[in-house]
Amino acid sequence: MPRIGASGFAALLLGFAFLYAPIGLLAIYSFNASKLVTVWGGFSTKWYWALLDNRLLLESLWVSLRVAFASASIATVLGSLAALVLARHGRFRGRTLFGAMIYAPLVMPEIVLGIALLLLFVALGLERGLLSIIIAHATLGMCFVAVLVHVRVKMLDRSLEDAAHDLGAGPFTVFFTITLPLIAPALLAGFLLAFTISLDDFVLASFLSGPGSTTLPMRVYAQVRLGVTPEVNAVSTLLLAFVGLVLLTGAAIAQRMRAV
Amino acid sequence: MPQPLLQIERVSKAFGKTLAVDDVSLEIAGGEFFALLGPSGCGKTSLMRLIAGFESPDAGRIFIDGRDVSADPPHKRAVNMMFQSYALFPHMNVAANIGYALKRRGLSAGMIGQRVRDMLALVRMEGFEERRPDSLSGGQKARVALARALAGEPKLLLLDEPLSALDRKLREEIQFELMQVQRDLGVSFLIVTHDQDEAMAMASRIAVMRDGGLAQIAAPRRLYEKPASRWVARFIGDANVLEACVREGAASQIQLEIEGALHLVVDGADEAFHPGASVAICVRPERMNLHAERPLTGNVLAGEIVEIVYLGASISWRIRCDNGAVVRVITSSGIDGSFERGARAFISYAPDAARVLCR
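Quick mapping for you: the protein sequence lines, in order, are chains A and B. Just so you know, we're using my numbering here: the first sequence kicks off at 1 and counts up by one. Just so you know, we're using my numbering here: the second sequence kicks off at 1001 and counts up by one.
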């Protein structure tokens, strides 16, 4: 592996400092003993313990986890189906259009998606709450899943499925014994990505939540409006650590996937 | 004649505007080692995929053991395939790969295990049950792929360029093993290849394909000695194709005019030729003789030596004939007389060394 040299290393450090200094500061201040966010008063983990007594925050966390799990599950199924059809069913009319459309929500402003879904749910008479957030997050998540799975299916040697077919497996058996196990890492990575996207989302949730379905980012935002407390720092740090861990797991899976 | 194992009846298949397989009919007998040979893009792979069932024909029918299977999907055909990439399932070990077809039939674990051991013994890979495909060498992968394709006891095994991923030495070894396994089991093999040496060495009959159609079906020797057309003559081995005009065309003895000289050819041809028809003859380089003096009788061509390549056991000569055609001659390196580049030389060939080509 080539060495990057001193100047290269400095540039790298600067770039990463720009990215991670604010986040690092946030994490450090979550261990602040002082009640004032900006004044260091010694090391303490008391704000983490205080979280356990914050019933509202815990309730929101539970809401967020349920939403994330449900929406990521739906996103994985729908996204994978879309990816399989796009990658495998050759050229059909409008394939390019559909291909582009599946990527579009990745760059579309979330606020647009939020308003669109809000209008739809109002028109349908669907009450805003847990279900509407789950649907919204699944919509966004399935695009990410589709992209990941699409890449994996494209990489898959077509003759593997042909061989299974040739050896006496019907279409369903081929899918469950060959295709699915081979794209499973991509499905898992996609699920984890959709899960974290749902966990992080504030914009869609704020459009589509109703009473009793306040997600964690919304709760944090509400608390910040009353003033930033070290408790907020603590919950943000935990959220960050969790998402970071999940993404690292996803990256590790992707790494292994390339090796196969 | 006994019923052929595989019967292809006027099958055509187009992809978009390209006619990949164009009105092909052929039959393969039980126990035969048959080769589909042709340059890339000639339709040989498409024809094989039609037989395997991955594609369905636009026209024509395919019979296996007398039963029309044209509409059957691949998993319902008594045909298995060894893929060019071997297509071993990377998430399964060797035993699971070989046992895949048997498991689909619902055989018991004990029976599958026994059969897997038998197949591994057949390809001399005992003890590899637990290994993963990515830990195998190229030759081992080829053997496992062969074992897997044969495990389900197909009536016909299709082999798609099975040796193309191997280096030369290994290729010869696996080629030999394929022939041995084929003889031992008596299963019909249909190999698709662009390598004529491979086809010649292994197959008892070869179908040469060109532009989706069949150019000729014959045993290797006949294909080489009696090609059906100018194209086949040039495609198989080295050929000197000389344009000629028929003087007298009885079915067996044909008098031709080449370069203003009369040549006599005993072709054993299946057809008679009209006097005046323009044809060509094919003479293989090693069937020609080189002389410093003009022979008094026989079929003679005169020209100038333009190239001499010493190959150890043989010498390859290029001679430009007086009409401009360049002829290649291969002689033993023990040839009498001294020949030099630029010198005049005479070529002769026996009447039965030539083949008359109308197409």
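Idealized CB from N, CA, C, for every residue including glycine. On a predicted model such as this, the values are computed, not experimentally measured, just so you know.
Three CB pairs or more closer than 8 Å across the region 97-108 of chain A and the region 29-36 of chain A: no
Distance, S80/A Cα to H150/A Cα: One-based indexing of the first sequence puts residue 150/A at position 150. One-based indexing of the first sequence puts residue 80/A at position 80. Those two C-alpha atoms are separated by around 8 Å.
Unbroken alpha helix (DSSP H) run spanning N1097/B, endpoints: Along the second sequence, read from residue 1 onward, the residue named residue 1097/B stands at position 97. It spans 1094-1104 - the alpha helix (DSSP H) in which N1097/B sits, taken as one unbroken run.
Reference R1049/B; option with closest CA among A1244/B, R1067/B, F1083/B, G1152/B: Translated into the one-based positions of the second sequence, residue 1049/B becomes position 49. Comparing Cα-Cα distances from R1049/B to each of A1244/B, R1067/B, F1083/B, G1152/B, the minimum goes to F1083/B.
Chain B within 7 Å of G227/A, Cβ atoms only: Numbered from 1 along the first sequence, position 227 holds the residue referred to as residue 227/A. False, the Cβ-Cβ gap to chain B never drops below 7 Å.
DSSP bridge partner residues for A1137/B (one or two, in chain order): On the second sequence, residue 1137/B is found 137 positions in, with the first residue counted as 1. Looking at the sequence itself, residue 1137/B is Ser, so the reference to Ala does not match. S1137/B is not bridged to any residue.
Whole-angstrom distance between D200/A and L216/A, CA atom to CA atom: Here residue 216/A corresponds to residue number 216 of the first sequence, with the count starting at 1. Here residue 200/A corresponds to residue number 200 of the first sequence, with the count starting at 1. Approximately 8 Å between the Cα atoms of the pair.
Uninterrupted alpha helix (DSSP H) stretches inside the region 84-128 of chain A (no shorter than 4 residues): 95-107, 110-124
Pairwise C-alpha distance: A1095/B and L1047/B: One-based indexing of the second sequence puts residue 1047/B at position 47. One-based indexing of the second sequence puts residue 1095/B at position 95. Cα to Cα, the separation comes out at about 31 Å.
Continuous alpha helix (DSSP H) assignments of at least 4 residues falling wholly in the region 1212-1243 of chain B: 1220-1225, 1230-1235
8 Å CB neighbourhood of I4/A in its chain, flanking five on each side removed: Your numbering for residue 4/A matches position 4 in the first sequence. Excluding positions up to five away in sequence, the list reads L12.
Near-chain A residues of the region 1047-1068 of chain B (beta-carbon distance less than 9 Å), N- to C-terminal order: R1049, A1052, G1053, F1054
Same chain, Cβ closer than 8 Å to R1341/B, five either side skipped, listed in chain order: The sequence position of residue 1341/B within the second sequence is 341, counting from 1. I1305, V1306, E1307, I1308, listed in sequence order.
Reduced DSSP secondary structure (H/G/I, E/B, other) of G24/A: For the purposes of this step, residue 24/A is taken as residue 24 along the first sequence, with counting starting at 1. Correct three-state label for G24/A: helix.
Short CB-CB distance (under 7 Å) between S1085/B and chain A: Taking the second sequence and counting its residues from 1, the one referred to as residue 1085/B is at position 85. True, the Cβ-Cβ gap to chain A drops below 7 Å.
A1149/B versus L188/A - alpha carbon distance: One-based indexing of the second sequence puts residue 1149/B at position 149. One-based indexing of the first sequence puts residue 188/A at position 188. Roughly 32 Å separates the two Cα atoms.
Rounded distance between the beta-carbons of I178/A and A164/A, thought under 8 Å: As a first step, residue 164/A is located in the first sequence; it is residue number 164 there, counting from the start. As a first step, residue 178/A is located in the first sequence; it is residue number 178 there, counting from the start. So it is a contact: roughly 5 Å between Cβ atoms.
Beta-bridge partners of W1317/B, as assigned by DSSP: The residue given as residue 1317/B occupies position 317 in the second sequence. DSSP, once it has assigned bridges, lists I1308/B, V1329/B as partnering W1317/B.
Closer than 7 Å to chain A by CB, M1081/B: In the second sequence, counting from the first residue as 1, residue 1081/B sits at position 81. True, the Cβ-Cβ gap to chain A drops below 7 Å.
Through-space distance from V1326/B to S1314/B, alpha-carbon basis: On the second sequence, position 314 is the one that residue 1314/B refers to. On the second sequence, position 326 is the one that residue 1326/B refers to. Taking the straight line joining both Cα atoms gives about 19 Å.
Neighbour list for S159/A in chain B, Cβ cutoff strictly below 7 Å: One-based indexing of the first sequence puts residue 159/A at position 159. Result: F1083, S1085, A1087.
Short-range partners of chain B found in the region 173-191 of chain A, where Cβ spacing is below 7 Å: T173, I178, P181, L182
Every unbroken beta strand (DSSP E) within the region 1245-1298 of chain B, with a cutoff of 3 residues, ordered by chain: 1253-1258, 1261-1266, 1278-1283, 1288-1291
Chain B contacts from the region 63-95 of chain A (Cβ-Cβ distance under 7 Å): none
R1124/B - DSSP class collapsed to helix/strand/coil: Along the second sequence, read from residue 1 onward, the residue named residue 1124/B stands at position 124. DSSP places R1124/B in coil when its eight states are reduced to three.
Proximity winner among M1179/B, A1218/B, R1168/B, relative to I1028/B (alpha-carbon distances): Mapped onto the second sequence, residue 1028/B falls at position 28. Nearest of M1179/B, A1218/B, R1168/B to I1028/B, Cα basis: A1218/B.
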